[in-house]
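Those protein sequence lines, which keep their order, are chains A and B. Take 473 as the starting number for the first sequence in the numbering used here and just add one per residue. Take 473 as the starting number for the second sequence in the numbering used here and just add one per residue. Worksheet: one structure, shown below.
2 protein chains.
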Amino acid sequence: MHQASLLANEITEAIRAVTGSSDCALHEPSFQGKEWTYVRECLDSTFVSSVGAFVDRFESDLANYTGAKHAIAVSNGTAALHVSLLLAGVQTGDEVLVPALTFVATANAVRYCQASPHFVDSEARTLGVDAVRLDAYLGEISTQREGQCVNLTTGQVIRALIVMHVFGHPCELDALMKVADKHHIALVEDAAEALGSWYGQRHVGTFGLLGALSFNGNKIITTGGGGAILTNDTALAKRAKHLTTTAKLPHRWAYEHDEVGFNYRMPNLNAALGCAQLEMMQIFLSQKRALHVRYAAQFQNIQGVRLVSEPLGCTSNYWLQALQLEQAQADNRDHLLDALNAAGIAARPVWKLMHQLKQFEVCPRMDLRQAQALEQQLINIPSSASLGALESVDDLP
Amino acid sequence: MHQASLLANEITEAIRAVTGSSDCALHEPSFQGKEWTYVRECLDSTFVSSVGAFVDRFESDLANYTGAKHAIAVSNGTAALHVSLLLAGVQTGDEVLVPALTFVATANAVRYCQASPHFVDSEARTLGVDAVRLDAYLGEISTQREGQCVNLTTGQVIRALIVMHVFGHPCELDALMKVADKHHIALVEDAAEALGSWYGQRHVGTFGLLGALSFNGNKIITTGGGGAILTNDTALAKRAKHLTTTAKLPHRWAYEHDEVGFNYRMPNLNAALGCAQLEMMQIFLSQKRALHVRYAAQFQNIQGVRLVSEPLGCTSNYWLQALQLEQAQADNRDHLLDALNAAGIAARPVWKLMHQLKQFEVCPRMDLRQAQALEQQLINIPSSASLGALESVDDLP
Chain A
473 MHQASLLANE ITEAIRAVTG SSDCALHEPS FQGKEWTYVR ECLDSTFVSS VGAFVDRFES
533 DLANYTGAKH AIAVSNGTAA LHVSLLLAGV QTGDEVLVPA LTFVATANAV RYCQASPHFV
593 DSEARTLGVD AVRLDAYLGE ISTQREGQCV NLTTGQVIRA LIVMHVFGHP CELDALMKVA
653 DKHHIALVED AAEALGSWYG QRHVGTFGLL GALSFNGNKI ITTGGGGAIL TNDTALAKRA
713 KHLTTTAKLP HRWAYEHDEV GFNYRMPNLN AALGCAQLEM MQIFLSQKRA LHVRYAAQFQ
773 NIQGVRLVSE PLGCTSNYWL QALQLEQAQA DNRDHLLDAL NAAGIAARPV WKLMHQLKQF
833 EVCPRMDLRQ AQALEQQLIN IPSSASLGAL ESVDDLP
Chain B
473 MHQASLLANE ITEAIRAVTG SSDCALHEPS FQGKEWTYVR ECLDSTFVSS VGAFVDRFES
533 DLANYTGAKH AIAVSNGTAA LHVSLLLAGV QTGDEVLVPA LTFVATANAV RYCQASPHFV
593 DSEARTLGVD AVRLDAYLGE ISTQREGQCV NLTTGQVIRA LIVMHVFGHP CELDALMKVA
653 DKHHIALVED AAEALGSWYG QRHVGTFGLL GALSFNGNKI ITTGGGGAIL TNDTALAKRA
713 KHLTTTAKLP HRWAYEHDEV GFNYRMPNLN AALGCAQLEM MQIFLSQKRA LHVRYAAQFQ
773 NIQGVRLVSE PLGCTSNYWL QALQLEQAQA DNRDHLLDAL NAAGIAARPV WKLMHQLKQF
833 EVCPRMDLRQ AQALEQQLIN IPSSASLGAL ESVDDLP
């Protein structure tokens, strides 16, 4: 415990050197652009609800920014995942491969489709799904029947694979797309944390059949609550809009709906905020990268912990800064979390692994040794973009 | 068709006498209070998302206004209905009694619980579920087994009854509560349209085990998108908050969730708008009542059509003004709708009956003769509160 306290002091000092002495939240939004102008314009128009010019503009701006052919604004990232899975063909009784190391919404969305999450392991390099081990695992436990991947043990179809870009760091998309293709599994990207992250030259969320974004209050940009579905498939985009707007058929005055749809619309009021926030992306990204550089300078000489950096060949949005404890320090995680939070520095572990939540205990899973190791090693530290703007930093490397 | 055209002209003139000559929407929100102030305050606080003072205040204000012991703000009325049904115990394979004459969200919410809507008829007086005929119907088709109501034909448990307050007019709650009690069926109120409506001296949405409100852009007050669950049961209120906030367990830093929850939170930004709108309720209610009085004066001498009024002993919010065509005129409904809309007066029929939508065609249902008659007879006409403020009117009767 003595060693743990020493490390806690070193980490606290390193963070304080970057953030200053004030209490520090994990992630706060920043409204320095046209947020009020657009929100007021929206109020003045009285079009605050599910139809309005800001929704159309936000969708168009998101498509332009990400390079996706289509973006459909919805009420939150969970709704985006739910509808993405439905459109990927997930049906009652199916299995969907989900990283054990993710936020609970990823697994919940599978359950909303009456399907079962099937948990897979992550790799330390990207924090995302381990493509090599997943391929080997599917080779052992599944077979192809009529062009579908069938779990030999459960007899259920493995319909989709959700990959998740943890803390904004892109996972190994090339390899994961190949695994999904080889096993005839649809790829859906949970890019909730990854607006502004690129795998090579291409924005994440545009590699899978569909991708889900989130604009919750703690994300790189916020709409209060909100999300979006990205897709390059025009037919799926139309279906996404239809399903998220109660499946109402267009008509001058009649109310007819042709399937069980959802009320997953993003209100125009929230889209107005989103339009202003999206205009600030380049500033947020450069501030977050500057913050990373400053943390990196502080942590380079601290033994027992390293700052998590973007995978080679990728550009991360550095949504959440993370420390990774050396294996020998992993038992000290909770002590460090207590010490940091007691010092007024918001810090948190990564999510409890999905297969350890009682509602998902019975779900199928592969050996999860790496996710289990990472869960004990990862600590998020204050990551607001504004912290990267506290004082001038040298040009980025 | 000649007679229909004459009637269309009479109705157009009657509406124009009230609304003036400008084009007229069906229902527009009005922001004449502190909407800007509160929304600006919310942006300035940076707490725009799922935690914030305006959410707490909106919930408290709603509870005070309605007299409900608890109000839980959620993302929309559909979400409120979904969670209300889950908390009423609706399970996979159950049946839920739902009026055929309702908006599609009522029936969709049942499907989200993997249950089946079972459609019941309405009465002309209140436009709500007909308690007398429902009691007789349940006597014929169901039996009690171990304290549960079981459908003799399907063998499924009839778990809940949703009643809906159409256009804001309270349905016959005393009689419906008795029917639900007698048959051991949980009562849930779809009060999406009925904020500001009282059955006797008690606000609707507080009679059932749970009640659902909506604050969509077309409702009497709006939060952009939003809804709320009302209940007098403290344990259910806690469960509602838990289920709608991803079922996260409270902890300083850990992320643990103990069941499959939902991301149904109302963002603080939307709650800020709601707080300001709720302060305007008395003005909206008096304007809507004034509009009704003015329409009533215009329509009293037009043959073939009557203006729908609140049921005796109830106080309606008059959310949507409605005309009811005499049976002999019912075939002219679509002609009238075309003529009114062509004249720049937004008018629409009531919703297509639920059992006529293809996704609900196979659901069980009772004889729906009254709902079918009403569907052909009802036309909504411009109903914005601001129309009631166009010029001074005499004191209300």
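Backbone N, C-alpha and C define an ideal beta-carbon position, used for all residues, glycine too. Treat the numbers as computed from the prediction; the structure is a model and nothing was measured.
- Those residues of the stretch 518 to 533 of chain A placed with their C-beta closer than 7 Å to a C-beta in chain B are Thr-518, Val-520, Ser-521 and Ser-522, ordered along the chain.
- Arg-820/A is classed as buried because its beta carbon has at least 16 other beta carbons within 10 Å across all chains shown.
- Under the Cβ criterion of 8 Å, Tyr-727/A is counted among the residues facing chain B.
- Residues Asn-804 and His-807 of the same chain have their beta carbon placed closer than 6 Å to that of Ala-476/B, with the five preceding and five following residues left out of the count.
- From the listed residues Gln-844/B, Val-638/B, Cys-643/B and Asp-533/B, the smallest Cα separation to Leu-784/B is found for Cys-643/B.
- For Arg-631/A, the uninterrupted beta strand (DSSP E) run begins and ends at 630 to 636, by DSSP.
- Residues of the stretch 480 to 512 of chain B that bring their beta carbon within less than 7 Å of a beta carbon in chain A comprise Glu-500, Pro-501, Phe-503, Glu-507, Trp-508, Val-511 and Arg-512, in sequence order.
- One thing to note: Phe-639/B has its Cβ within 8 Å of the Cβ of Leu-792/B.
- Interface with chain B (8 Å Cβ-Cβ cutoff): Val-834/A is excluded.
- Between the stretch 491 to 510 of chain B and the stretch 530 to 549 of chain A there are fewer than three C-beta pairs closer than 8 Å, too few to call the two in contact.
- For His-656/B, the secondary structure class from DSSP, reduced to helix, strand or coil, is coil.
- Just measuring C-alpha positions, the residue of Ile-634/B, Thr-694/B and Ala-652/B sitting nearest Gly-677/B is Ile-634/B.
- Under the three-state reduction of DSSP, His-474/A is assigned to helix.
- Classified as buried, Ala-743/A has 16 or more neighbouring CB atoms from the shown chains inside 10 Å of its CB.
- With contacts defined by Cβ atoms closer than 8 Å, Tyr-767/A and Leu-779/A form a contacting pair.
- The DSSP-derived three-state label of Asp-646/A is helix.
- Where Thr-615/A is concerned, the enclosing beta strand (DSSP E) starts and stops at 614 to 617.
- In its chain, beyond the 5 residues on either side, Ala-819 have a beta carbon closer than 8 Å to the beta carbon of Asn-813/B.
- By the neighbour-count criterion, in which 16 or more other beta carbons inside 10 Å mark a residue as buried, Ser-493/A falls on the exposed side.
- In this chain, Val-676/A is not harboured by any beta strand (DSSP E), its DSSP state being neither H nor E.
- Proximity of Val-592/B to chain A, defined by a Cβ-Cβ separation below 8 Å, is not satisfied.
- Looking at Val-520/B, Ala-664/B and His-675/B, the one whose alpha-carbon comes closest to that of Thr-578/B is Ala-664/B.
- Shown in chain order are the members of the stretch 815 to 842 of chain B whose Cβ falls below 9 Å from a Cβ of chain A: Ala-818, Ala-819, Arg-820, Pro-821, Val-822, Trp-823, Lys-824, Gln-828, Leu-829, Lys-830, Gln-831 and Phe-832.
- In this structure, the beta-carbon distance from Val-629/B to Glu-567/B falls below 8 Å.
- Between Asn-852/B and Val-732/A, the C-beta spacing is not below 8 Å.
- Not a single CB atom of chain B sits nearer than 8 Å to the CB of Ser-588/A.
- Your pair Gly-689/B and Glu-661/B does not check out as a contact, with CB atoms roughly 22 Å apart and the cut at 8 Å.
- Taking one beta carbon from each stretch, the stretch 735 to 742 of chain A and the stretch 538 to 556 of chain A have 3 or more pairs nearer than 8 Å; the two touch.
- Residues are counted here when their Cβ sits less than 8 Å from a Cβ of chain A; for the stretch 725 to 751 of chain B these are Trp-725, Ala-726, Tyr-727, Glu-728, His-729, Asp-730, Glu-731, Val-732, Gly-733, Phe-734, Asn-735, Arg-737, Met-738, Pro-739, Asn-740, Leu-741, Asn-742 and Leu-745, given in chain order.
- Residue environment for Leu-624/B: exposed (fewer than 16 other C-beta atoms within 10 angstroms of its C-beta).
- For Gly-699/A, the enclosing beta strand (DSSP E) covers residues 699 to 703.
- The C-alpha of Ile-701/A is placed about 15 Å away from the C-alpha of Ala-658/A.
- Bounds of the alpha helix (DSSP H) holding Ala-762/A are 753 to 771.
- Considering only beta carbons, the part of the stretch 547 to 559 of chain B lying closer than 9 Å to chain A consists of Ser-547, Asn-548, Gly-549, Thr-550 and Ala-551, in chain order.
- Assignment of beta-bridge partners to Gly-611/B by DSSP yields no partner.
- In the DSSP assignment, Ser-532/B falls within the unbroken alpha helix (DSSP H) covering 525 to 538.
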